[in-house]
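J.: Below: one structure in structure tokens.
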Amino acid sequence: MKNWLKILAVVLLFYVHIGGMLFDVPRLNILNETIRALYFHVPMWFGMVLLFLLSVYYSILYLRNPAPRFDYRAVEYANVGLTFGILGMVTGMLWANYAWGSPWHGDPKQNGAAIALLVYLAYFVLRGSVENEEQRARLSAVYNIFAFAAMVPLIFIIPRMTSSMHPGSGGNPGFNMYDLDSRMRLVFYPAIIGWFLIGVWIVSIRVKVRTLEDKIIELENGKTY
Amino acid sequence: MERLIKSILGIALVFASVIANAQTDVEMADGMRSEGKIYVVVGIILIVLTGLVVYLVTLDRKVKRLENLLGDRNSSPK
């Protein structure tokens with residue numbers, strides 16, 4: 002990862018944390034000051050989706066050309082993406098506890114996100130259960146494509162088809178007021194970019210570690226013969 | 377004509393006051409902001425963020441060093 006991207010990520014996050022706390026936000030009932038959670042909760046999900054997208058991209062590359070480096074990238078993008086998703090879930094539950102009255106409401110968006118996370122957890126279960134490296138990489142690359150294809154309707158389509166309390170879903174105009182608020186976009190979009198770049202940075206470190214591991218194993222094998 | 381303009385202005389004023397009221401009626405942490413204590417919160421968040429970023433940078437450097445170390449050993453003649 003390029004250094005200027007890392008610096009950009011850090012600068013954006015500093016801006017987001019200052020602006021997210023201090024800038025003006027729309028005054029809405031029930032939400033009150035918790036509206037600022039949008040700057041921190043939603044970027045986790047956007048980051049997750051973007052990281053999963055890159056993961057599926059590398060899985061497809063792997064299926065076209067079975068080089069281990071594509072597999073490493075696919076796993077690590079999925080791994081960091083899942084971490085973002087879990088953080089999004091936990092922050093969402095905390096927020097829901099105050100905005101909706103209880104941490105788990107069985108809201109379509111919440112259920113869909115939970116199922117999507119489980120689908121991705123199964124990706125790691127699948128990887129853990131196959132011994133042969135090439136088989137593991139190929140099977141999990143195919144599964145990853147299915148997992149992504151399952152996540153999209155679970156998070157983006159089904160919640161919009163029924164009524165949901167979550168903003169951006171069907172039958173909920175309550176948040177449109179700030180959905181369209183340009184003051185919030187000024188912080189919200191940089192937050193997405195910043196967190197996504199931090200995710201990519203962590204992925205790059207994890208991929209390096211995995212490659213090093215591989216090299217060490219290769220060296221060890223060379224010694225024993 | 378003058379009455380029409382006056383009544384329109386009057387309605388506009390009523391609306392403006394309703395909107396203004398709606399904006400201030402919602403309870404926000406204005407007290408915390410006016411006392412300046414919000415900056416304490418921002419400061420704490422920034423310290424945590426700085427710490428994590430520094431940690432990530434050192435981790436990145438460490439891995440890079442390992443990479444160089446292993447690269448040297450790999451390329452060295454046997």
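Residue numbers (our numbering), protein chains in the order written: chain A, 2 to 226; chain R, 377 to 454. The beta carbon of each residue, even a glycine, is placed where N, CA and C say it ideally should be.
(1) Roughly how many whole angstroms lie between the Cα atoms of A:Pro-174 and A:Pro-168?
(2) Is A:Asn-133 helix, strand or coil when you go by DSSP?
(3) Is R:Glu-411 close to chain A, meaning its C-beta is less than 9 Å from at least one C-beta of that chain?
(4) Over what stretch of residues does the alpha helix (DSSP H) that includes A:Trp-105 continue unbroken?
(5) Are A:Val-120 and A:Ala-151 close, meaning C-beta to C-beta below 9 Å?
(6) Considering only the alpha carbon of each residue, which of A:Val-26, A:Phe-15, A:Val-210 lies closest to A:Ser-183?
(7) Taking buried to mean at least 16 other C-beta atoms within 10 Å of its own C-beta, is R:Ile-410 buried or exposed?
(8) From which residue to which residue does the alpha helix (DSSP H) around A:Val-12 run?
(9) Using the C-alpha atoms, what's the distance from A:Tyr-63 back to A:Arg-139?
(10) Could you give the first and the last residue of the continuous alpha helix (DSSP H) run that contains R:Asp-406?
(11) How far does the alpha helix (DSSP H) with A:Arg-74 in it extend, from its first residue to its last?
(12) Below 8 Å on C-beta distance, what does R:Asp-448 contact in chain A?
(13) Against chain A, with Cβ distances strictly below 9 Å, would R:Leu-432 count as a contact?
(14) Since R:Val-439 meets chain A, which of its residues come closer than 8 Å, beta carbon to beta carbon?
T.: Let's see:
(1) By 1-based counting over the first sequence, the position of residue 174 of chain A is 173. By 1-based counting over the first sequence, the position of residue 168 of chain A is 167. Its pLDDT being 44, under 50, A:Pro-174 is placed unreliably in this model, and the coordinates cannot settle the point.
(2) Here residue 133 of chain A refers to the residue found at position 132 of the first sequence. In the structure shown, A:Asn-133 sits in coil (DSSP, three-state: anything other than H, G, I, E or B).
(3) The residue given as residue 411 of chain R occupies position 35 in the second sequence. R:Glu-411 does not count as touching chain A.
(4) As a working note, residue 105 of chain A is residue 104 in the first sequence. No alpha helix (DSSP H) contains A:Trp-105, which DSSP labels as neither H nor E.
(5) Translated into the one-based positions of the first sequence, residue 120 of chain A becomes position 119. Translated into the one-based positions of the first sequence, residue 151 of chain A becomes position 150. It is a contact, given that the beta carbons lie within the stated cut-off.
(6) Numbered from 1 along the first sequence, position 182 holds the residue referred to as residue 183 of chain A. The shortest C-alpha separation from A:Ser-183 is found at A:Val-26.
(7) Here residue 410 of chain R corresponds to residue number 34 of the second sequence, with the count starting at 1. The sequence shown places Ser at residue 410 of chain R, rather than the Ile named in the question. Exposed: under 16 other Cβ atoms inside 10 Å.
(8) Counting from 1 along the first sequence, the entry for residue 12 of chain A is found at position 11. That run of the alpha helix (DSSP H) goes 4-23.
(9) The residue labelled residue 139 of chain A in the question sits at position 138 within the first sequence. The residue labelled residue 63 of chain A in the question sits at position 62 within the first sequence. Approximately 8 Å between the Cα atoms of the pair.
(10) Taking the second sequence and counting its residues from 1, one reaches residue 406 of chain R at position 30. Taken as a continuous stretch (DSSP letters only), the alpha helix (DSSP H) holding R:Asp-406 covers 406-411.
(11) Along the first sequence, one-based indexing puts residue 74 of chain A at 73. Unbroken alpha helix (DSSP H) run through A:Arg-74: 69-100.
(12) As a working note, residue 448 of chain R is residue 72 in the second sequence. The premise fails here: R:Asp-448 is roughly 12 Å from chain A at the closest Cβ pair, so nothing lies under 8 Å.
(13) As a working mapping, residue 432 of chain R is identified with position 56 in the second sequence. So yes, R:Leu-432 belongs to the interface.
(14) Translated into the one-based positions of the second sequence, residue 439 of chain R becomes position 63. Here the neighbours are Ile-206, Lys-209, Val-210, Leu-213.
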